[in-house]
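Remember, the numbering used here sits 38 above the position in the sequence shown when you count from 1. Have a look at the structure below, then the notes.
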Amino acid sequence: MGLIDRLRGRDDPRVAFLGIDGVPYRLIAENPDVFENLTAVMNEGSAGSIESIYPPETTACWPAITTGTNPGETGVYGYQDREVGSYDTYVPMGRDVQRERVWDRVTAEGRNASVFNVPVTFPPQRNVQRMVSGFLSPEIDSAAAPEELRAFLQEIDYRIDVNAKLGHRSDKSDFLEHAHETLDRRQRAFRRYVEGDDWDLFFGVYLAPDRVNHFLFDQYVSGGADREGFLAFYERLDECIGEIRSALGRDTTLVVASDHGFRPLESSVHCNEWLEREGWLSFETDDHAALSDVDDDTRAYSLGPGRFYLNLEGREPRGSVPESEYAATREELRRELEALETPDGRPVIRRVVEKEDVFRGDHDEIAPDLVALPRDGFDLKADFSGHETVFDETGPRTGMHSFDDAAVLIDEPGIAVDDADILDIAPTIMQLLDIKFERTDFDGASLV
C-alpha cells in the first residue's frame, strides 16, 4: 500500500496498465534474453497472444481497448472517418469517442486515474487526476493538464511521438536515436508519477514500438544490418517496464498489452486505384485528392486500412447504389476483393468480413460495409490521389499491422487468456480494481 493510501486509510486494489503499441506476442516469446522483465511477468503471471479488432489500426484500437467496446460503439473506425451524410472526412479526437473510458469509470467511483499518452485522447480531459494526450495531439502545451503536469513535461522536453520522417532515410541511426530519446523522456514522466503513488489507475502507453516496427521489422525478421539496433531498442523498452514493475506495491496489479500484432511488409496496395481501374470508383476531374472528389457514377470507395464503402443512395450525398441492390452489390465487391492478386499471381486478401458481423452499436451510418484483412506482406492503403500502379514496393515502411498476435501480460498467475481479444482488457481492469459493472457494459469479458 502506498503512502497516500495509508494516509487515506484506503486499501482498494490498484492497476498499472502499460500499453506497448504494436508489439507482437511472438516477438516477446522468441526473445527472452531481450525481454527479461516481460519474460518474468510471463513466468510468474499470465500471458498470451490475443486478437485485435477490425480494422487493426491504432486510432480504432485504443478507443476499443479503453472502452471495452467495438468501433460500432466507440464511433471510431480508423485514422480517417466519414461525416454522416457527407463525403467530408475527419481525424477522430478524444471527444469523438462515444463510450466511457476505463478512467471515466474509475473517476466516477471517486478514485484517481492518471492517463499518459493514449492515442485519441486530445484534448486532455480535466475531470481526471491528470492526463497527457497521445498520438494525434499537437504540442505538449495544449495536450496536458493540470498545469503542474504540463510544466514538468515542458521542463523535460517530453515528446508525444517519434519523428517518423527520420525513418524514411536509408540510414536508420538518427531514427533509432530519436526513438530512444522519446522513450527515455516518456519513462522519466512515467516513473515520476507512478512513484508519486497517488493514483488508483495508472494508464500509460509506449507508442515508440509501433514506429520502430514500421521501419525496422524486416530487419528483425531477415537478420539485416539493423537487427541489433531493433533489439537494443526493445531491450531498453523492457528495462523501462521492469523499472515500473519494481516501483509498484503489493496492492497493484501490472497489466501490459499491445493493440495489434506486426508482420513484415512487402507491398502497399492502393485500394482506391484498384477500385478505379475495376470500374467501381471515378472522379469529377483528373485532379483528385479527397473523398469529396468522387463523381456520381462511383459505386464504391475505400478508407484505410481495408475499409470499403458502397456509394449508397440515401446514405451518401450522391449515392449511386440503390438500397434494393445493396446486398448483391456488396457481394459482388466481396468476390472481387477475395480474388485480388498481384501481377505475379499471389493472392492479396486473407479474409473479407461484413459490417454486421464485426460492428455492433449506434454508429452504423459511418461503418464500412466490408473490411478486408490482407495476407502477410500486404498493407491496404486508401488515399484518393492517383497512382501509377496498384502495388507499390518502394515505400519506406517495412512492417505492417496484423489482426492476430497482439499481446497481453498480467502480473497475476492463473488467468486464462485463451481466445481473448483486446476488448477483454477494459473489463479485466475493472475487475482487478474491484469496480462493479454490468456484463452488457462491455463487448469484451473480464479474464479474471
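From the three backbone atoms N, C-alpha and C, an ideal C-beta is built for every residue, glycine too. Every value quoted in this text rests on a predicted model; they were computed, and no experiment measured them.
Are there 16 or more other CB atoms within 10 angstroms of the CB of tyrosine 272, so buried, or fewer, so exposed? By the neighbour-count definition (other C-beta atoms within 10 Å, threshold 16), tyrosine 272 is a buried residue.
Cα-Cα, which of Gln163, Gly172, Phe416 is closest to glutamate 185? When Gln163, Gly172, Phe416 are compared, the shortest CA-CA separation from glutamate 185 is found for Gln163.
Could you give the uninterrupted runs of the beta strand (DSSP E) lying entirely in the region 414-441, keeping only those of 3 residues or more? Listed in chain order, the complete beta strand (DSSP E) runs (minimum 3 residues) inside the region 414-441 are 415-419, 437-440.
Express the C-alpha separation of phenylalanine 255 and threonine 436 in angstroms, rounding to a whole number. For threonine 436 and phenylalanine 255, the distance between alpha carbons rounds to 6 Å.
Cβ shell of isoleucine 147 (< 7 Å), same chain only, five flanking positions each side left out: In the sequence on display, residue 147 carries glutamate and not isoleucine. So the qualifying residues of the chain are Ile473.
Per DSSP, cross-strand counterpart(s) of phenylalanine 190: Looking at the DSSP output, phenylalanine 190 bridges to nothing.
In the DSSP output, which residue or residues are listed as bridge partners for glutamate 354? Looking at the DSSP output, glutamate 354 sits in a beta bridge with Glu351.
Pick from Val200, Leu191, Phe241 that is closest to alanine 227, judged by C-alpha positions: Comparing Cα positions, the closest option is Leu191.
For proline 451, count neighbouring Cβ atoms within 10 angstroms of its own Cβ and tell me buried if that reaches 16, exposed if not. Label assigned to proline 451: exposed.
Tyrosine 339 - partner residues in DSSP beta bridges: Tyrosine 339 pairs with Tyr347.
Classification of proline 93 by the beta-carbon crowding that lies within 10 angstroms, buried from 16 upward: Buried, since its Cβ has 16 or more Cβ neighbours within 10 Å.
Taking the C-alpha atoms as reference points, what is the distance between alanine 98 and aspartate 264? Taking the CA atoms as reference points, alanine 98 sits about 30 Å from aspartate 264.
Among Arg120, Arg353, Gly60, which residue has its Cα nearest to the Cα of valine 294? Checking every option, the nearest Cα to that of valine 294 belongs to Gly60.
Buried or exposed by the 16-neighbour rule on C-beta atoms within 10 Å, applied to histidine 206: With fewer than 16 other Cβ atoms within 10 Å, it is exposed.
Exposed or buried, which one is arginine 353 when buried takes at least 16 other CB atoms within 10 Å? Buried is the call here.
Give a yes or no on whether the C-beta atoms belonging to aspartate 493 and phenylalanine 321 are separated by under 8 Å. Examination of residue 493 is not possible in this model, given that the chain is present from 39 through 486 alone.
Rounded separation between lysine 393 and tyrosine 115 - CA only: Taking the straight line from one Cα to the other gives about 11 Å.
To the nearest angstrom, how far is the alpha carbon of tyrosine 125 from that of valine 359? Those two C-alpha atoms are separated by around 15 Å.
Looking at the strands, I want to know which residues DSSP matches up with serine 171. DSSP lists Val156 as partners of serine 171.
Please name the residue, chosen from Ser90, Gly83, Gly110, that lies closest to histidine 298 on a Cα-to-Cα basis. Measuring from the Cα of histidine 298, the nearest candidate turns out to be Ser90.
Would you call the CB atoms of tryptophan 318 and arginine 345 closer than 8 Å? In terms of Cβ geometry, tryptophan 318 and arginine 345 do not form a close pair [threshold 8 Å].
Thinking just about the alpha-carbon of each residue, which of Val79, Ala366, Ser423 is nearest to the one in aspartate 407? A check of alpha carbon separations from aspartate 407 across Val79, Ala366, Ser423 identifies Ala366 as the nearest.
Tell me the rounded alpha-carbon separation between isoleucine 460 and glycine 57. Between isoleucine 460 and glycine 57, the alpha-carbon positions lie close to 11 Å from each other.
Could you check if asparagine 165 is buried or exposed, using at least 16 other CB atoms within 10 Å of its CB as the buried criterion? With fewer than 16 Cβ atoms within 10 Å of its Cβ, asparagine 165 is classed as exposed.
Based on Cα-Cα distance, which residue from Ser484, Val428, Gly433 lies nearest to valine 446? With distances taken between Cα atoms, valine 446 lies closest to Ser484.
Does the region 98-113 touch the region 464-478, meaning 3 or more C-beta pairs lie closer than 8 Å? A contact is defined here as three or more CB-CB pairs under 8 Å, and the region 464-478 meets this definition with respect to the region 98-113.
Can you give me the start and stop residues for the beta strand (DSSP E) that isoleucine 453 sits inside? Note, isoleucine 453: premise wrong, no beta strand (DSSP E); not H, not E.
Can you give me the Cβ contacts of valine 232 inside the same chain, cut-off strictly under 7 Å, excluding the 5 residues immediately before and after it? For valine 232, where only same-chain residues beyond five positions count, the Cβ hits under 7 Å are Ala54, Phe240, Ile282, Ala285.
Just the C-alpha distance for aspartate 195 and histidine 439, rounded to the nearest angstrom, thanks. Taking the straight line joining both Cα atoms gives about 29 Å.
Taking the C-alpha atoms as reference points, what is the distance between histidine 252 and alanine 458? Roughly 25 Å between the two C-alpha positions.
Given this structure, state the Cα-to-Cα distance separating leucine 341 from alanine 183, to the nearest angstrom. Rounded to the nearest angstrom, the two C-alpha atoms are 33 Å apart.
Three-way DSSP call (helix, strand, coil) for proline 302 in this model: Looking at proline 302 - three-state DSSP - the assignment turns out to be strand.
Does the Cβ of serine 211 have 16 or more other Cβ atoms within 10 Å, making it buried, or fewer, making it exposed? Residue environment: serine 211 is assigned as exposed (fewer than 16 neighbouring CB atoms within 10 Å of its CB, all protein chains considered).
For the beta strand (DSSP E) that proline 101 lies in, which residues bound it at each end? Boundaries around proline 101 are those of the alpha helix (DSSP H), 96-105, since no beta strand (DSSP E) includes it.
Please report the straight-line C-alpha distance between proline 434 and arginine 249, rounded to a whole angstrom. For proline 434 and arginine 249, the distance between alpha carbons rounds to 12 Å.
For the beta strand (DSSP E) containing leucine 214, list its first residue and its last residue. Secondary structure note for leucine 214: it is in no beta strand (DSSP E), and the uninterrupted alpha helix (DSSP H) holding it is 211-234.
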